[in-house]
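Colleague: Note that our numbering has the sequence shown beginning at 454, numbered continuously upward.
Quick one: this structure, given as structure tokens, is what I'll be asking you about.
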Amino acid sequence: MDFQGQFSALTSFSPDNDLDWFAGARYIPEVSYTVKLDSVQSIDFEASANLAGSILFHPFSASETNTDIDPYRIWARYSRKKFEVRAGLQKIDFGVATLLRPLQWFNQIDPRDPLQLTNGVYGVLARYYFLNNANIWVWGLYGNERTRGFDALETNDRKPEFGGRIQHPVPRGEIGLSYHHRTVNTATFPGLEMLDGITENKYGIDAKWDVTIGLWIEATYSKKSENIGLLTHQSLLNIGSDYTFAIGNGLNITAEHLISSFDESAFEFNNVANVSAFSTNYPLGFFDTLSAFYYYDWENNTNTVLINYEHQFKKITGYAMAYYNAETQQGIQQNNLVNNFSGPGIRVMLVYNH
454 MDFQGQFSAL TSFSPDNDLD WFAGARYIPE VSYTVKLDSV QSIDFEASAN
504 LAGSILFHPF SASETNTDID PYRIWARYSR KKFEVRAGLQ KIDFGVATLL
554 RPLQWFNQID PRDPLQLTNG VYGVLARYYF LNNANIWVWG LYGNERTRGF
604 DALETNDRKP EFGGRIQHPV PRGEIGLSYH HRTVNTATFP GLEMLDGITE
654 NKYGIDAKWD VTIGLWIEAT YSKKSENIGL LTHQSLLNIG SDYTFAIGNG
704 LNITAEHLIS SFDESAFEFN NVANVSAFST NYPLGFFDTL SAFYYYDWEN
754 NTNTVLINYE HQFKKITGYA MAYYNAETQQ GIQQNNLVNN FSGPGIRVML
804 VYNH
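This is how it looks when you write it as structure tokens:
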């Protein structure tokens, strides 16, 4: 049996907010255990929890506190040489985009978050790997309600979800095809009446090539089973590229552009939004890294910026961040595990892993 964990503590100051100071701490303890059945078969177990507390306050005035104790991951996995099946509360992640991700169907990872925290989903995932690096995914989910990725509507947690994915190598890259089926919950969306039994089918394609620079495309199309206005059809298209320049220790730059549209009819593109995103990463040395993220919303003419300095101490990793968040952050994934406040601000975070 193996026991490990991650403790993080952070504080931030956002002067544009009424409660301009934030302080919080989180501990994620994890227990894992592996049973070897023979030389090629094993069963793994993993359980972890999210223990968090935070306070929002304005000095000598008002304050708000919050505490959470939730399961983070609880799963069991059977695996052999080319096959595995995992059941429980788990993270499911695929696709080639990194900043603006149409295929972020099952998680809420914010690319600006150094810890890459995300809530999991309850379900069963099976994967088979071929000798040529092709692989097949099949999944079934149940009991999940939250919106994920670019979902506009929550999921009906009393109805099962299911889908699959095929990923295959191509010359100098790989291509993937994905599908997912779920039942949506219209009751929680403002302006929509409660309608039972509306299903949604999602289709995705992604491809990536390494041709001196990295090039990729990731696109999805979603269709509801009934007409519910502009939320009936959703189209998302991401085009991206990255390259590491031979400058100093190596300057990596990633650029992506996302076109999204919600329409009453398929592929009308009458309600189009465009977001461009850029990230840079530069290692200053063995223990220091400087990174930056920039998002531009073309329709609203808004900017979102984050600059992050990371330093590795002997047992602790420290982060010092300066940011500016637009009030509406179109296309940027967010979740309830990471606090992003509008306007300018600074944040300091310390992380200890054991």
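Beta carbons: idealized from backbone N, C-alpha and C, even for Gly.
(1) Mind listing, in chain order, the continuous beta strand (DSSP E) runs of no fewer than 3 residues lying wholly within the stretch 550–619?
(2) Would you check whether the ligand FMN has a heavy atom nearer than 7 Å to the C-beta of Asn597?
(3) Leaving out five residues before and five after Leu463 in sequence, what residues of the same chain have Cβ atoms less than 7 Å from its Cβ?
(4) Grab the span of the beta strand (DSSP E) containing Ala640 for me, first residue to last.
(5) Leaving aside the five residues before and after Val623 along the sequence, list all residues of the same chain whose C-beta is less than 8 Å from its C-beta, in chain order.
(6) Could you check which residue in Trp669, Ala779, Lys612 has the C-alpha nearest to that of Asp649?
(7) Restricting to runs no shorter than 3 residues, where is the beta strand (DSSP E) found entirely within the stretch 464–539?
(8) Put Gly650 into one of helix, strand or coil per three-state DSSP.
(9) What three-state label does DSSP hand Leu704 in the structure shown?
(10) With burial defined as no fewer than 16 other Cβ atoms inside 10 Å of the residue's Cβ, what is the status of Thr487: buried or exposed?
(11) For the structure I just gave you, are there three or more beta carbon pairs, one from the stretch 504–515 and one from the stretch 639–657, closer than 8 Å?
(12) Assuming the contact rule is C-beta atoms closer than 8 Å, Tyr772 and Asn761 should be a hit. Round their C-beta distance to whole Å, please.
(13) Using 8 Å as the cut-off, can you tell me whether the stretch 689–709 makes contact with the stretch 722–736, which would need three or more C-beta pairs spanning the two stretches below that distance?
(14) My parser needs the beta strand (DSSP E) runs of 3 or more residues fully inside the stretch 737–781; what are they?
(15) Count the other C-beta atoms from every protein chain shown that fall within 10 angstroms of the C-beta of Gly548, then say buried if there are 16 or more, exposed otherwise.
(16) According to DSSP, is Gly682 part of a helix, a strand, or is it coil?
(17) Please look up how many angstroms separate the CB atoms of Thr636 and Glu646, rounded, as I've assumed it's under 8 Å.
Modeller: According to the data block:
(1) Counting whole runs of 3 or more residues, the stretch 550–619 contains the beta strand (DSSP E) stretches 574–582, 588–594.
(2) The ligand FMN is absent from the structure shown, which contains no ligands of any kind.
(3) If we look at Leu463 and ignore the five residues flanking it on each side, its Cβ neighbours are Gly477, Arg800, Val801, Met802.
(4) Element bounds for Ala640: n/a, residue is neither H nor E.
(5) Only Ala660, Trp662 meet the Cβ criterion.
(6) For the residues Trp669, Ala779, Lys612, the minimum Cα distance to Asp649 belongs to Lys612.
(7) Those beta strand (DSSP E) runs which fall completely within the stretch 464–539 and span 3+ residues are 474–489, 495–510, 516–532.
(8) Coil, per DSSP.
(9) Leu704 carries a strand assignment under DSSP once its states are collapsed to helix, strand and coil.
(10) With fewer than 16 Cβ atoms within 10 Å of its Cβ, Thr487 is classed as exposed.
(11) Between the stretch 504–515 and the stretch 639–657 there are fewer than three inter-stretch CB-CB distances shorter than 8 Å, so the stretches are not counted as touching.
(12) Right, the Cβ-Cβ distance comes to about 6 Å (below 8 Å), so this counts as a contact.
(13) These segments touch.
(14) Those beta strand (DSSP E) runs which fall completely within the stretch 737–781 and span 3+ residues are 741–750, 755–765, 769–778.
(15) The residue is buried, with at least 16 neighbouring Cβ atoms inside 10 Å.
(16) The answer is helix: DSSP assigns Gly682 an H, G or I state.
(17) So it is not a contact: roughly 16 Å between Cβ atoms.
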